[in-house]
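Chains A and B, in that order, are what the protein sequence lines are.
So for the first sequence, my numbering puts the first residue at 10; every next one is plus one.
So for the second sequence, my numbering puts the first residue at 305; every next one is plus one.
The beta carbon of each residue, even a glycine, is placed where N, CA and C say it ideally should be.
Below: the structure, in structure tokens.
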Amino acid sequence: MTRRNSLAVFVALGCIGLPAFGQLSLTGAGATFPEPMYTKWFDDYRKVHPDVQINYQGIGSGGGIRGVTEGTVDFGATDGPMTDEQLKAFRDKRGCGVLHFPTVLGGVVPVYNIPGVNAELDFTPEALAGIFLGKITRWNDPAIANANPKVKLPGNDIIVVHRSDASGTTYVWVDFLSKISDEWKTKVGRNTAVNWPTGLGGSKNEGVAGQVKQSANSIGYVELIYAAQNHMSFGRVRNSSGVFVKASLESVTAAAAGVQMPDDFRVSITNPTGKNAYPIASFTWLLVPEVIKDNQKRDVITGFLHWMLGPGQKLTDALQYAPLPKMVVTKEEKAIAKVRSS
Amino acid sequence: MSAAPTVLPRSRAGSLADRLRLGDPFAYTLTVVCAASIFLVTCLLVYQLWLGSALSRHKFGWEFIFSSTWDPVTETYGAVPFMFGTVVTAILALLISVPIGLGAAIFLSEMALPAISDTLTFLIELLAAVPSVIYGLLGIFLLVPVLESTVVPALKSVIGFLPIFSGPFYGVSLFSASVVLSIMIVPFIISVSREVLLAVPVDQREAALSLGATKWETTWQVVVPYAKRGIYGSIFLALARALGETMAVTMVIGNTPHVPTSLLQPGDTIASVIANQFTEATSDMYISALIELGLVLFAITIIINGLARLLILTTGSKTGK
């Protein structure tokens, strides 16, 4: 390489580092479900505070929890709240606690593909548990047919489709099933990945949706926002008040309103009380360490959290995420003060 | 004045290295370092796999490779379904692709006109460069529907009585994964085998023809045996790719951590389950189990390769050098 060429290469390499000067940059990683919302938020926050750059990688809730525990990222994001063991592991590793801050709400809906059936099906919780346990094997089983008296269901076998990768979507789905079915709770349990008794695995929402579309007489579960944006038809689920509710931004927000919010914000809102509540919904959280020694970083994070609870919440509808209920916002505003310097 | 080249005295030949006669030893050391570094990296890799899987190895011991339960909720992990899926899909893919690949290589090297051969070879080598994700997409959107609508029903009417080919077919299955894998590994077999077949000396062919052999007899009984070593090499390459292939397999295999009783049922492979679950694996035991799966895959690859080479050593090595 000539001297002139090597000089050019050095200058080019140096330019990559230039934008870092005078910038405060934060990194976060975690759940993929809220990634579009977070990307928009961080972008808009940058317009208000041009010297702040927040980077977010959607690597999955598990990755987010691991990253924030190890300290490889400044904050994490998860669809399923950290368990007591994970909280203890965080405390052991970092010497302080970790705070959960709910950001938006999402729901998980049952999608299905039955040739000849275009109607919206109603599912009871028992029917869903039975199908996913592999006990209800035909579409015209009484458990499903009784809830859909006007629909002629075929006698074909049900093909169950679930997630092959671990995900918060799965966590919400099995959390609901664990609550309404003791058999599910003892036999399978709840986690971001479980030992599914039956069914085919699809990778991510796209994989499940694709598999359902391709397989006749199949049923799967996807994120509400994914179903809405891809114009997929999905069924209604009966809530604890006995009402069959279709998932929507309103019914998901109603689910959050019907739950007593604990101080640490780690709560499951599946199967809540409330007539209009959709029973398979969940918060998604940002994970922020309790102690942030770097003053600048701490100010940026707390500043962003305040912004997120204010102007940020107004941006959720455009991307079809459900905003937090007012009561949660008020409680969260106070909790931001818990982030301390030492 | 003779035209013989004059040999310059060493002192006038130039560089210090030349003068100190460092050339040969230096070249030797450099190449030894290159070879050793590959070996060292492999050893480091195995060491890291060993370390990372320590938690899981201590908890499960040998049970890990005999147990078929994979339950992240109760933290019980077993590798059998994935070992089964990996080995079965790789072997089935080889069974499909070796005859096709070898046949194509023979055609391209022995029978085709040079113009056709060169064009086809170029296209086939392009196929080898296609990213595996593309094959996965092709698998889901093109191959699986075709298999479901025409190929599998036809096969079932012929060999459907066999238990390994029975049961309902939902598209994603061990069989689909094997077919996708075979499409992916065929280019390797074709390009390497073709090169080896072309390298067989012309006098071998001429000798056979002069003894009265037909073109096919020459090819099959003289040329191919002469090139056996290289062809086996291409098969090993293809097998290695098939054992480790991740993206294409994970999209069409169905991702069910159970041991299937029929090729038409969904299954899972080691590479596929690691890719799917590693990023979300939250507990240390979960990650350790996945790393141990990686160690198991490494061991499987070595064992299968070793067995295959043993098979070749003990069966014919009289023809072909």
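Query, Result
"Cross-chain neighbours of valine 345/B in chain A, by beta carbon under 8 Å", "By Cβ distance, chain A contributes nothing, its closest Cβ being about 24 Å from valine 345/B, past 8 Å."
"Nearest-angstrom Cα separation, counted from alanine 433/B out to alanine 517/B", "38 Å"
"Exposure label - glycine 251/A; buried when at least 16 CB within 10 Å", "exposed"
"Per-residue DSSP class, three states only, for asparagine 310/A", "Going by the sequence as given, residue 310/A is isoleucine instead of asparagine. The answer is helix: DSSP assigns isoleucine 310/A an H, G or I state."
"Same chain, Cβ closer than 7 Å to proline 435/B, neighbours up to 5 away in sequence not counted", "none"
"Cβ-Cβ distance between tyrosine 474/B and leucine 209/A below 8 Å", "yes"
"Inter-stretch contact (C-beta, 8 Å, three-pair minimum) for the stretch 213-226 of chain A and the stretch 165-181 of chain A", "yes"
"Proximity of threonine 87/A and serine 70/A at Cβ, strictly below 8 Å", "yes"
"The stretch 67-90 of chain A: positions lying closer than 8 Å to chain B by Cβ", "Ile68, Gly69, Ser70, Gly71, Gly72, Ile74 and Arg75"
"Residues sharing a beta bridge with proline 119/A, DSSP", "Tyr230/A"
"Residues in the stretch 551-564 of chain B having any Cβ partner in chain A nearer than 8 Å", "Thr554, Met555, Gly558, Asn559, Thr560 and Pro561"
"Buried or exposed (CB count within 10 angstroms, at least 16 for buried), proline 376/B", "buried"
"Per-residue DSSP class, three states only, for aspartate 375/B", "strand"
"Heavy atom of the ligand SAM within 7 Å of glutamate 521/B beta-carbon", "In the structure shown, the ligand SAM is absent, as is every other ligand, since no ligand is present at all."
"Residue environment, tyrosine 54/A, which counts as buried when at least 16 other CB atoms sit within 10 Å", "buried"
"Residues, ordered as in the chain, of the stretch 174-202 of chain A that lie near chain B by beta-carbon distance below 8 Å", "Asp174, Ala175, Ser176, Val197, Gly198, Arg199, Asn200, Thr201 and Ala202"
"Option nearest alanine 237/A by Cα separation, candidates Val221/A, Ser257/A and Val246/A", "Ser257/A"
"Run of the alpha helix (DSSP H) containing glycine 389/B, from where it starts to where it stops", "384-410"
"Of the listed residues Val297/A, Gly164/A, Ser187/A and Lys196/A, nearest to threonine 36/A (C-alpha basis)", "Val297/A"
"Test item: CB-CB of glycine 244/A and proline 119/A under 8 Å", "yes"
"Residue-chain proximity (asparagine 149/A, chain B), Cβ-Cβ < 8 Å", "no"
"For asparagine 280/A, three-class secondary structure by DSSP", "coil"
"Short CB-CB distance (under 8 Å) between valine 384/B and chain A", "no"
"The beta strand (DSSP E) enclosing asparagine 64/A, as first and last residue numbers", "61-67"
"Amino acids of chain A, ordered along the chain, whose beta-carbon sits closer than 8 Å to that of threonine 373/B", "Asn204"
"Pair within 8 Å by beta-carbon distance, alanine 503/B and valine 526/B", "no"
"For leucine 614/B and isoleucine 539/B, the rounded distance between their alpha carbons", "14 Å"
"According to DSSP, residues forming a beta bridge with proline 111/A", "Trp294/A"
"Cβ-based burial, proline 320/A [other Cβ within 10 Å; buried from 16]", "exposed"
"Beta-carbon gap between lysine 394/A and serine 350/A smaller than 8 Å", "Residue 394/A lies beyond the range of chain A shown here (10 to 351); nothing can be said about it."
"Identified DSSP bridge partners for glycine 210/A", "His171/A"
"Residues from the stretch 209-220 of chain A in contact with chain B, defined by Cβ distance under 8 Å", "Leu209, Gly210, Gly211, Ser212, Gly216, Gly219 and Gln220"
"CB contact below 8 Å: isoleucine 140/A versus chain B", "no"
"Contact between the stretch 188-195 of chain A and the stretch 137-149 of chain A (3+ Cβ pairs under 8 Å)", "yes"
"Own chain residues within Cβ distance below 8 Å of valine 384/B, not counting five before or after", "Ile369, Phe370, Ser371, Ser372 and Val563"
"is_contact[serine 224/A, chain B] using C-beta, thresh 8 Å", "yes"
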